[in-house]
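In what follows, a structure is listed as structure tokens, so that the remarks can point back to it.
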């Protein structure tokens, strides 16, 4: 395996969890709901995925449990914010805190136990191709799923009737309600999907990225995913670009350090954040386009008046 | 009226005095920066606390609070312990230093112990371990085991304790192979398994074949074992994360110190002070030497014995600074004062120290 290939693989592994969690949150926000519990759902996905895989020995079951855990864990948020219209910011934050606490409780006896890695794809002939073989045909299934998700969500949001309805719910829930669209129902669906994605992203951490369970292993990735959605102005392809840019600069700055170039490491460590924000702000500087893409009802509670 | 007030005051005094008089049970409280199952730094402190409970049994009551961020929250957490009747409070992170000093001033009757800091007061002691002694042994092992002649070091933050470890590691390595090189990557975090793993992958891609870390998760150990190279554990025994990878680990063993100090609180002989113990006193121990040939193991054990007996001190001249100027003359030892403020590399480190 060449160095360039190895670097690209490292970048893909680092970007995938951000991408999946951000794509999930993008759908949630497009429906008009701001769920700040991404970090909490992600860490729940990580712990449940790990525990399921460790107990059964099957990483596939682990992935499934991670997805289910994330989705299930988003249910209390959905109930509180959608049915009894609690404040979305506060509820989301408490979901994160709850997730971090609950996950360390669940995972307490699994700290340090050997993990199960999700096997990489192997296609004889193709995977052995030089340079691009491992990259295109030899990664873990969650990587392929993440790319698929980006295009599926783009298609769903902008090419299907249901996607259009979902966006209209996020733009003006009162009008959508008046038209007879089940606003709460759509938002439930979106929140559950966001939870499932966050759970999958967590499972990627504990089954692919570093196949182990350590407490608080998301280490703020949920928050980065949240930020990516905003800076990408709620557009899936920009989320993809943002996640990979963030991953690339993260890995690049580590390489710059290991080469001993003499650039201050504090500056290098802040580069991924700086670069991602700058680039995404630059590509989103068309204000009209950004306004169109910003869900107008984002974060506002919906209480049907009749 | 005056009498009633006096009576009330006396009654109050009596009730508040009572628990103090019946005080055969000492309450020892611990403030943790991470969670007690982090598999590294905080877990090591909590094992110490458990040892206290086991050895001192009914004469002691312990309490702890986990995941206390360094900063204003720390002061609140420490103060709450001081108010709630703790006799001695252990604050177990460098970043708790100023918060501990502030609370110690407000509660002169409570005793405080701060780990890895340097500020003391009449009721505030500091304690630390010479982790760098273990790093010297690791450096020697690395120089023997590495085929590439270069090791990778995943560092957290450029504070003296970490710089000391890097320097000690390279000095140990150079005592075996004078041309040995060290690549350093700063993760700028103590605990982020993914990021530490990325750092390990990057270092391996750049040709190192031994990984050592001064961050707390088992991420690097796991990457090392996937890529089939060797690595050292940090703060706790990480052999479970790399049964065929871990060469040894520096294990923090705070328990004996905690037991000793709490006993002193019990019998009233507790005094402030600042201790900096090492392998000799057993405040750190080395995990079993594994995954290495017998001759390397033998060398490591001999070095460990020499450090324990005081015959070998890692920072002994001749040592040159990174820029080639002389730091320690032949036979000269670095003073604790210089070490505890160390802010430069010695020769052989392939990195520029962040200032």
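Chains as they are written, first to last, in my numbering: chain A, 1380 to 1685; chain B, 1489 to 1843.
Built from N, CA and C at the ideal position, the CB exists for glycine as well.
Quick caveat: nothing in here was measured; it's all calculated off a predicted structure.
>> What would DSSP say about residue 1638(B), mapped onto helix, strand or coil?
In response: By 1-based counting over the second chain, the position of residue 1638(B) is 150. Strand, per DSSP.
> Nearest-angstrom Cα distance between residue 1559(A) and residue 1683(A)?
Replying inline: Locating residue 1559(A) in the first chain gives position 180, where the first residue counts as 1. Locating residue 1683(A) in the first chain gives position 304, where the first residue counts as 1. Rounded to the nearest whole angstrom, the C-alpha separation of residue 1559(A) and residue 1683(A) is 11 Å.
>> Taking 8 Å as the cut-off, is the beta-carbon of residue 1532(B) closer than that to any non-hydrogen atom of the ligand PLP?
In response: In the structure on display, the ligand PLP does not appear, and there are no ligands present to speak of.
>> Can you tell me whether residue 1835(B) is helix, strand or coil according to DSSP?
In response: As a working mapping, residue 1835(B) is identified with position 347 in the second chain. In the structure shown, residue 1835(B) adopts coil according to DSSP, grouped into three states.
>> So for residue 1381(A), helix, strand or coil by DSSP?
In response: Translated into the one-based positions of the first chain, residue 1381(A) becomes position 2. In this structure, residue 1381(A) counts as coil in the three-state DSSP scheme.
> Unbroken alpha helix (DSSP H) runs of length 4 or more, entirely within the segment 1742-1770 of chain B: which are they?
Replying inline: Entirely contained in the segment 1742-1770 of chain B, the alpha helix (DSSP H) runs reaching 4 residues are, in chain order, 1743-1755.
> Do the CB positions of residue 1393(A) and residue 1682(B) come within less than 9 Å of each other?
Replying inline: Translated into positions along the first chain, residue 1393(A) becomes position 14. Translated into positions along the second chain, residue 1682(B) becomes position 194. Annotated as proximal: residue 1393(A) and residue 1682(B), with beta-carbon spacing under 9 Å.
>> Looking at chain B, is there any beta carbon in it that lies within less than 9 Å of the beta carbon of residue 1542(A)?
In response: Position 163 of the first chain, counted from the start, is the residue given in the question as residue 1542(A). Under the 9 Å criterion on CB atoms, residue 1542(A) is classed as non-interfacial with respect to chain B.
> Are the C-beta of residue 1470(A) and some C-beta of chain B separated by less than 9 Å?
Replying inline: Counting from 1 along the first chain, the entry for residue 1470(A) is found at position 91. Chain B, which has no Cβ nearer than 9 Å to the Cβ of residue 1470(A), makes this no.
> Do residue 1728(B) and residue 1711(B) have their C-beta atoms closer together than 9 Å?
Replying inline: Position 240 of the second chain, counting from 1, holds the residue named residue 1728(B). Position 223 of the second chain, counting from 1, holds the residue named residue 1711(B). It is not a contact, given that the beta carbons lie outside the stated cut-off.
> According to the Cβ coordinates, are residue 1701(B) and residue 1719(B) closer than 9 Å?
Replying inline: Against the second chain, residue 1701(B) aligns to sequence position 213. Against the second chain, residue 1719(B) aligns to sequence position 231. In this structure, residue 1719(B) lies closer than 9 Å to residue 1701(B) by Cβ.
> Nearest to residue 1632(B) by CA position, among 1658(B), 1671(B), 1545(B), is which residue?
Replying inline: Residue 1632(B) sits at position 144 when you count from the first residue of the second chain. When 1658(B), 1671(B), 1545(B) are compared, the shortest CA-CA separation from residue 1632(B) is found for 1658(B).
> Would you say residue 1629(A) reaches chain B, if we count a Cβ-Cβ gap shorter than 9 Å as a contact?
Replying inline: In the first chain, residue 1629(A) corresponds to position 250, counting from 1. Yes, because at least one Cβ of chain B sits closer than 9 Å to the Cβ of residue 1629(A).
> Counting contacts by CB-CB distance shorter than 9 Å, is residue 1529(B) in contact with chain A?
Replying inline: Stepping through the second chain from its first residue, residue 1529(B) is reached at position 41. Not one chain A Cβ lies under 9 Å of residue 1529(B).
> Less than 9 Å separating the beta-carbons of residue 1742(B) and residue 1613(B)?
Replying inline: Within the second chain, residue 1742(B) is the residue found at index 254, counting from 1. Within the second chain, residue 1613(B) is the residue found at index 125, counting from 1. Taking 9 Å as the cut-off, the Cβ atoms of residue 1742(B) and residue 1613(B) do not count as close.
> For residue 1628(B), which residues from the same chain have a beta carbon less than 7 Å from its beta carbon, with the 5 sequence-adjacent residues on both sides left out?
Replying inline: On the second chain, position 140 is the one that residue 1628(B) refers to. The answer, listed in chain order, is 1660, 1661, 1663, 1664, 1787, 1788, 1791.
>> Between the segment 1436-1451 of chain A and the segment 1595-1603 of chain A, can you find at least three pairs of beta-carbon atoms closer than 8 Å?
In response: Remark: fewer than three beta-carbon pairs, one from each stretch, lie closer than 8 Å, so the segment 1595-1603 of chain A and the segment 1436-1451 of chain A are not flagged as touching.
> From 1544(B), 1703(B), 1654(B), 1671(B), pick the residue whose C-alpha is nearest to that of residue 1677(B); which is it?
Replying inline: By 1-based counting over the second chain, the position of residue 1677(B) is 189. Of the candidates 1544(B), 1703(B), 1654(B), 1671(B), the residue whose Cα lies closest to the Cα of residue 1677(B) is 1703(B).
> Of the choices 1772(B), 1579(B), 1669(B), 1715(B), whose alpha-carbon is the least far from that of residue 1685(B)?
Replying inline: Numbered from 1 along the second chain, position 197 holds the residue referred to as residue 1685(B). The option with the nearest alpha carbon to residue 1685(B) is 1715(B).
> From 1633(A), 1616(A), 1609(A), 1668(A), pick the residue whose C-alpha is nearest to that of residue 1677(A); which is it?
Replying inline: By 1-based counting over the first chain, the position of residue 1677(A) is 298. Relative to the Cα of residue 1677(A), the nearest Cα in the group 1633(A), 1616(A), 1609(A), 1668(A) belongs to 1609(A).
> Can you tell which of 1413(A), 1387(A), 1390(A) has its C-alpha closest to the C-alpha of residue 1550(A)?
Replying inline: If you number the first chain from 1, residue 1550(A) lands on position 171. Comparing Cα-Cα distances from residue 1550(A) to each of 1413(A), 1387(A), 1390(A), the minimum goes to 1413(A).
> In whole angstroms, what separates the C-alpha of residue 1510(B) from that of residue 1726(B)?
Replying inline: Mapped onto the second chain, residue 1510(B) falls at position 22. Mapped onto the second chain, residue 1726(B) falls at position 238. Bear in mind that a pLDDT of 42 at residue 1510(B), under 50, signals an unreliable position, so the model cannot answer this.
>> Would residue 1682(B) pass as an interface residue toward chain A - the criterion being a Cβ-Cβ separation below 9 Å?
In response: In the second chain, the residue the question calls residue 1682(B) occupies position 194. Taking Cβ atoms only, chain A reaches closer than 9 Å to residue 1682(B), which makes this a yes.
>> Below 8 Å on the Cβ atoms is my contact criterion, and I expect residue 1552(A) with residue 1411(A) to pass it. Report the Cβ-Cβ distance as a whole number of Å.
In response: Residue numbering aside, residue 1552(A) sits at position 173 when the first chain is read from its first letter. Residue numbering aside, residue 1411(A) sits at position 32 when the first chain is read from its first letter. Residue 1411(A) and residue 1552(A) do touch by the CB rule: their CB atoms are close to 6 Å apart, below 8 Å.
> CB-CB under 7 Å to residue 1542(A), same chain, minus the five flanking residues each way: which ones, in chain order?
Replying inline: Numbered from 1 along the first chain, position 163 holds the residue referred to as residue 1542(A). Residues 1535, 1536 of the same chain have their beta carbon placed closer than 7 Å to that of residue 1542(A), with the five preceding and five following residues left out of the count.
> Under a CB-based cut-off of 9 Å, is residue 1685(B) close to chain A?
Replying inline: Residue numbering aside, residue 1685(B) sits at position 197 when the second chain is read from its first letter. Yes, residue 1685(B) counts as interfacial toward chain A.
> Of all the CB atoms in chain B, is at least one closer than 9 Å to the CB of residue 1350(A)?
Replying inline: It is not possible to answer for residue 1350(A), since the shown part of chain A is limited to 1380 through 1685.
> Is there at least one Cβ from chain B nearer than 9 Å to residue 1487(A)'s Cβ?
Replying inline: Start at 1 with the first residue of the first chain, and residue 1487(A) comes out as number 108. Yes, contact with chain B.
> Taking one C-beta from the segment 1616-1632 of chain A and one from the segment 1640-1652 of chain A each time, how about it: are there three or more such pairs within less than 8 Å?
Replying inline: Enough Cβ pairs lie closer than 8 Å, so yes.
> Quick one: any contact between the segment 1391-1405 of chain A and the segment 1454-1464 of chain A, if contact means 3 or more CB pairs under 8 Å?
Replying inline: No, because fewer than three Cβ pairs between the segment 1391-1405 of chain A and the segment 1454-1464 of chain A fall closer than 8 Å, the two stretches do not touch.
>> Taking the alpha helix (DSSP H) that residue 1578(B) belongs to, which residues open and close that run?
In response: By one-based count along the second chain, residue 1578(B) stands at place 90. Counting along the chain, residue 1578(B) falls outside any alpha helix (DSSP H), though it belongs to the beta strand (DSSP E) covering 1576-1579.
>> Just to confirm my understanding: we take residue 1523(B), look at its own chain, exclude 5 residues before and 5 after, and list those with CB closer than 7 Å. What are they?
In response: As a first step, residue 1523(B) must be located in the second chain, where it is residue number 35. 1530, 1554, 1555, listed in sequence order.
>> Could you pull the DSSP bridge partners for residue 1721(B) from this structure?
In response: As a position in the second chain, residue 1721(B) is number 233, starting the count at 1. According to DSSP, residue 1721(B) bridges with 1737(B).
> Checking contacts by CB at 9 Å: is residue 1674(B) closer than that to chain A?
Replying inline: On the second chain, position 186 is the one that residue 1674(B) refers to. With 9 Å as the cut-off, residue 1674(B) counts as an interface residue toward chain A.
> Which residues in chain A sit within 9 Å of residue 1838(B), going by Cβ to Cβ distance?
Replying inline: Here residue 1838(B) refers to the residue found at position 350 when the second chain is read from its first residue. Going along chain A in sequence order, the residues near residue 1838(B) (Cβ under 9 Å) are 1637, 1638, 1639.
> Does the segment 1801-1818 of chain B come close enough to the segment 1765-1778 of chain B to have 3 or more Cβ pairs within less than 8 Å?
Replying inline: Because the criterion of three Cβ pairs below 8 Å is not met, the segment 1801-1818 of chain B and the segment 1765-1778 of chain B do not touch.
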